[in-house]
Amino acid sequence: MARIIMGIESSCDETGVGLVRLHDDGTVELLADEVASSVEQHARFGGVVPEVASRAHLEAMVPTTQRAFATAGLSMSDVDAIAVTAGPGLAGALLVGVSAAKAYATALDVPLYGVNHLAGHIAVDTLQHGPLPTPCLALLVSGGHTQLLRVDDIASSIVELGSTVDDAAGEAYDKVARVLGLPYPGGPPIDKAAQNGDSAAIAFPRGMTGPRDAAFDFSFSGLKTAVARWVEGAARRGEGIPVDDVAASFQEAVVDVLTAKAIRAAKEQGITTMVISGGVAANSRLKELAGERCAAAGIELRVPKPRLCTDNGAMIAALGAHVVAAKRPTAPLDFSANPALPV
Ligand code: KG4
Ligand code: ZN
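Quick note on UniProt numbering: the sequence shown kicks off at 1 and runs consecutively.
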């Protein structure tokens, strides 16, 4: 009998409530995906302010839940299980979602699952492209994470192959946008500006690609500093800043390193399916270059649509469905959020 799973996400600045139907054949169908974002409240600070995010989650949780059930045409009594992001993320923000999930699970007397946000970013792909072939390689790129993961089982077995040693890829976009006088979040305006620029105009550094660097780790802080220095130099000389060329050259440095390392990891591990997810997966050049390089290497590339790539509740509901299908243990009611939860 098909089951209805509710997913709750509150790890950063998006309050998400998703509803999915887990079919008997293991496929997962998206029924509702409601998100309330506090991104505009953080814009003037140039980054997420944890206290502001927590308060916004508190205000948005119940209305977002109500909208999700209205969209799906379901009532809360239809829910068979609840999954909530247990981490990683901002402590105060996570607590709001975990507390709401515990309250709903108690009131409805349904099982509760604490799940990993990063695994959710991968699981969401099954809503769009169907069951995920395993093993697969996941490249997670967002404002908070940059990770290469090997997925052997989405519900129980994910291994980290590499991660950023400093800034996340999206964070680099946000910081470079600030240097260029573009709005926050910086990914979309840089993506747009880069389309009119020359990606070979400026040779920005490719971090951690030297022979002694860890094979699958990333570093973007040197690149960010190089862009800032370049812009300062041009300003000092009284030259105008060619924003489009700087954006395109910066972006090329980011996506070149991301795709090169992901392809190398897939080849070394003998993996033929790659998923790219997280907010930066919306990037047009990343999708283009990854598409070219995956095709050349005989790797199937799966990139969920942008709406599913950014933080949302549907990804947690989707992961919850896979966890329910795998008969994983439920969370005790006194379980805590873990801001540093490993994958
Ligand atoms: O997944 P997400 O919504 O939130 C988390 O950080 O978890 O990702 C947001 C990040 C921001 O840093 C934003 O600048 C970046 O994703 N982003 C993009 C694009 N759209 C959003 N980066 C590059 N190109 C884009 N088109
Ligand atoms: Zn995320």
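Beta carbons are placed, not taken as given, at the ideal position from N, Cα and C, and that holds for glycine. These figures come from a predicted structure and were not determined experimentally.
**Message:** Give me the residue from Leu127, Glu51 and Ser75 with the minimum Cα distance to Gly313.
**Reply:** Looking up residue 313 in the sequence shown gives position 313. Among Leu127, Glu51 and Ser75, the Cα nearest to that of Gly313 is on Leu127.
**C-alpha distance - Arg285 paired with Ala214, whole-angstrom precision** = Here residue 285 refers to the residue found at position 285 of the sequence shown. Here residue 214 refers to the residue found at position 214 of the sequence shown. Taking the straight line from one Cα to the other gives about 25 Å.
**Item:** Nearest-angstrom Cβ-Cβ length linking Ala86 and Leu19, presumed shorter than 8 Å
**Value:** For this step, residue 86 is matched to residue 86 along the sequence shown. For this step, residue 19 is matched to residue 19 along the sequence shown. In fact, because the Cβ distance is near 19 Å, the residues do not count as touching under 8 Å.
**Request:** Report yes if the C-beta of Ser142 is less than 6 Å from at least one heavy atom of ligand 2; otherwise report no.
**Result:** The residue you call residue 142 lines up with position 142 of the sequence shown. Yes; taking the cut-off as 6 Å, the Cβ of Ser142 has a heavy atom of ligand 2 nearer than that.
**Asked** Does the distance from the CB of Leu319 to the CB of Gly73 come in under 7 Å?
**Response** As a position in the sequence shown, residue 319 is number 319, starting the count at 1. As a position in the sequence shown, residue 73 is number 73, starting the count at 1. Going by C-beta atoms, Leu319 is not nearer than 7 Å to Gly73.
**Asked** Sorted by chain position, which residues of the same chain lie with C-beta nearer than 7 Å to Gly144's C-beta, five sequence neighbours on each side aside?
**Response** Position 144 of the sequence shown, counted from the start, is the residue given in the question as residue 144. So the qualifying residues of the chain are Cys12 and Ala168.
**Status (buried if at least 16 other CB within 10 Å, exposed otherwise) for Pro304** = Position 304 of the sequence shown holds residue 304. The residue is buried, with at least 16 neighbouring Cβ atoms inside 10 Å.
**Inside the stretch 140-221 only - alpha helix (DSSP H) runs reaching at least 4 residues** = 169-179 and 187-194
**Request:** Please classify Phe45: is it buried, with 16 or more other beta-carbons within 10 angstroms of its beta-carbon, or exposed?
**Result:** What you label residue 45 is simply residue 45 of the sequence shown in a count that begins at 1. It is exposed - the Cβ of Phe45 has fewer than 16 other Cβ atoms within 10 Å.
**Asked** Going by alpha carbons, who is nearest to Asp152 out of Lys327, Gly270 and Ser10?
**Response** Indexing the sequence shown from 1 puts residue 152 at position 152. When only C-alpha atoms are compared, the closest one is Gly270.
**Request:** Give a single yes or no on whether Val96 has its beta carbon closer than 6 Å to a heavy atom of ligand 1.
**Result:** Looking up residue 96 in the sequence shown gives position 96. Outside the cutoff, so no.
**Message:** Given the structure, does Asp311 come close to ligand 2, in the sense that its CB is under 6 Å from one of the ligand's heavy atoms?
**Reply:** If you number the sequence shown from 1, residue 311 lands on position 311. Asp311: yes, Cβ under 6 Å from ligand 2.
**Message:** Contact defined as beta carbons within less than 8 Å: I believe Pro131 pairs with Thr27. What is the distance between those atoms, to the nearest angstrom?
**Reply:** Along the sequence shown, one-based indexing puts residue 131 at 131. Along the sequence shown, one-based indexing puts residue 27 at 27. Correct: roughly 7 Å between the Cβ atoms.
**Item:** Other residues of its chain near Ser54: CB distance less than 8 Å, five sequence neighbours each side excluded
**Value:** As a working mapping, residue 54 is identified with position 54 in the sequence shown. Excluding residues within five positions, the ones whose Cβ falls inside 8 Å are Leu90, Gly92, Ala93, Leu95 and Val96.
**Request:** Over the uninterrupted alpha helix (DSSP H) stretch that includes Leu333, give me the two end residues.
**Result:** For the purposes of this step, residue 333 is identified with residue 333 of the sequence shown, where counting begins at 1. No alpha helix (DSSP H) contains Leu333, which DSSP labels as neither H nor E.
**Asked** Taking the beta strand (DSSP E) that Ile316 falls in, what are its first and last residues?
**Response** In the sequence shown, counting from the first residue as 1, residue 316 sits at position 316. Not the beta strand (DSSP E): Ile316 falls in the alpha helix (DSSP H), residues Gly313 to Ala325.
**Message:** In the DSSP output, what is Ile4 paired with across the bridge?
**Reply:** The sequence position of residue 4 within the sequence shown is 4, counting from 1. Answer by DSSP bridge pairing, in chain order: Arg21.
**Request:** Using only alpha-carbon positions, find the residue among Ile8, Gly279, Asp109 and Arg21 that is nearest to Asp191.
**Result:** Numbered from its first residue, the sequence shown carries residue 191 at position 191. When only C-alpha atoms are compared, the closest one is Gly279.
**Message:** Below 6 Å, is the gap between the Cβ of Gly181 and the nearest heavy atom of ligand 1?
**Reply:** If you number the sequence shown from 1, residue 181 lands on position 181. Result no, Cβ not under 6 Å from ligand 1.
**Request:** Please confirm whether any heavy atom of ligand 1 lies closer than 6 Å to the CB of Val280.
**Result:** Taking the sequence shown and counting its residues from 1, the one referred to as residue 280 is at position 280. Indeed, a heavy atom of ligand 1 lies less than 6 Å from the Cβ.
**Asked** What three-state label does DSSP hand Pro115 in the structure shown?
**Response** Counted from its first residue, the sequence shown places residue 115 at position 115. Reading the sequence as shown, one finds Val at residue 115 and not Pro. Val115 falls in the strand class under three-state DSSP.
**Prompt:** Between Gln147, Val98, His57 and Ile154, which lies nearest to residue 353 when the distance is taken from Cα to Cα?
**Reply:** This structure cannot settle anything about residue 353, because the visible part of the chain is limited to 1 through 343.
**Prompt:** How about Leu31 and Arg3: are their beta carbons less than 7 Å apart?
**Reply:** Translated into the one-based positions of the sequence shown, residue 31 becomes position 31. Translated into the one-based positions of the sequence shown, residue 3 becomes position 3. Cβ atoms of Leu31 and Arg3: not closer than 7 Å.
**Asked** Which runs of the beta strand (DSSP E), 3 residues or longer, sit entirely within the stretch 56-142?
**Response** 81-87, 112-116 and 136-141
**Item:** 7 Å CB neighbourhood of Ile202 in its chain, flanking five on each side removed
**Value:** Taking the first residue of the sequence shown as position 1, residue 202 is located at position 202. Only Trp230, Asp245, Val246 and Ser249 meet the Cβ criterion.
**Item:** Nonlocal neighbours in the same chain, by C-beta distance under 8 Å from Ala326, ignoring five residues either side
**Value:** What you label residue 326 is simply residue 326 of the sequence shown in a count that begins at 1. Result list for Ala326: Asp153, Ala155 and Ser156, in chain order.
**Request:** Verify whether the separation of the beta carbon atoms of Ile5 and Val17 is less than 7 Å.
**Result:** Here residue 5 refers to the residue found at position 5 when the sequence shown is read from its first residue. Here residue 17 refers to the residue found at position 17 when the sequence shown is read from its first residue. Against a cut-off of 7 Å, the Cβ pair of Val17 and Ile5 comes out as no contact.
**Asked** Sorry if obvious, but does the Cβ on Asn283 come closer than 6 Å to a heavy atom of ligand 1?
**Response** Reading the sequence shown from its first residue, position 283 is the one you call residue 283. Under cutoff, so the answer is yes.
**Message:** Under 6 Å: does the beta carbon of Gly187 sit that close to some heavy atom of ligand 1?
**Reply:** Reading the sequence shown from its first residue, position 187 is the one you call residue 187. Gly187: yes, Cβ under 6 Å from ligand 1.
**Message:** Can you tell me whether Arg285 is helix, strand or coil according to DSSP?
**Reply:** Numbered from its first residue, the sequence shown carries residue 285 at position 285. Residue state, collapsed to three classes: helix.
**Prompt:** For Arg302, which residues from the same chain have a beta carbon less than 6 Å from its beta carbon, with the 5 sequence-adjacent residues on both sides left out?
**Reply:** Taking the sequence shown and counting its residues from 1, one reaches residue 302 at position 302. Here the set comprises Asp125, His129 and Val275.
**Request:** Please confirm whether any heavy atom of ligand 1 lies closer than 6 Å to the CB of Gly47.
**Result:** Looking up residue 47 in the sequence shown gives position 47. Checking every heavy atom of ligand 1 against the Cβ of Gly47, none is found closer than 6 Å.
**Request:** Report, in whole angstroms, the separation of the C-beta atoms of Thr15 and His42, which I expect to be a contact under 8 Å.
**Result:** On the sequence shown, residue 15 is found 15 positions in, with the first residue counted as 1. On the sequence shown, residue 42 is found 42 positions in, with the first residue counted as 1. Not confirmed; about 14 Å, so no contact.
**Message:** Quick check on DSSP: helix, strand or coil for Asp33?
**Reply:** The residue you call residue 33 lines up with position 33 of the sequence shown. Strand, per DSSP.
**Prompt:** How is the alpha helix (DSSP H) around Thr273 delimited, first residue to last?
**Reply:** The residue labelled residue 273 in the question sits at position 273 within the sequence shown. That residue, Thr273, is in no alpha helix (DSSP H); its beta strand (DSSP E) goes Thr273 to Ser277.
**Prompt:** Among residues of its own chain, excluding the 5 on either side of Ser37, which ones have a beta-carbon nearer than 8 Å to its beta-carbon?
**Reply:** Along the sequence shown, read from residue 1 onward, the residue named residue 37 stands at position 37. Excluding positions up to five away in sequence, the list reads Asp13, Glu14 and Thr15.
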